[in-house]
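Worksheet: one structure, shown below.
Numbering (the numbering used here), first residue to last: 3 to 117.
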């Protein structure tokens with residue numbers, strides 16, 4: 003039981019260290035996803051009751067999680083920002099190519115209706 007918690011603590015510390023490395027965002031996401039999967043499997047396998055030592059390790063993991071959460075939120079907001087910028091760029095490019103597409107003018111059109 004304590005071995006699983008110690009491994010979980012090591013994985014959480016590895017997660018924190020991944021965010022402090024200078025690496026491309028895609029690599030960061032892949033590494034974080036891999037580590038989170040491993041940590042999630044360890045956490046799912048743990049069952050109470052926990053000893054005093056296990057509770058101490060659990061508190062350390064929770065403290066590290068509090069540090070990890072804002073880093074993950076920052077990465078997520080960066081991804082969302084990039085997606086929004088890409089969408090804006092796409093619409094502005096379409097508008098540049100065909101500036102009158104958004105205008106719905108019926109001037110000069112003749113509709114012939116048969117009765």
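The beta-carbon is built from N, C-alpha and C at its ideal position, and this holds for glycine as well.
CA-CA distance, residue 22 to residue 101, rounds to 45 Å.
Of the candidates 9, 99, 89 and 53, the residue whose Cα lies closest to the Cα of residue 43 is 9. In the DSSP annotation of this structure, residue 52 is not part of any alpha helix (DSSP H), being labelled neither H nor E. Between the alpha carbons of residue 96 and residue 80 lies a distance of about 24 Å.
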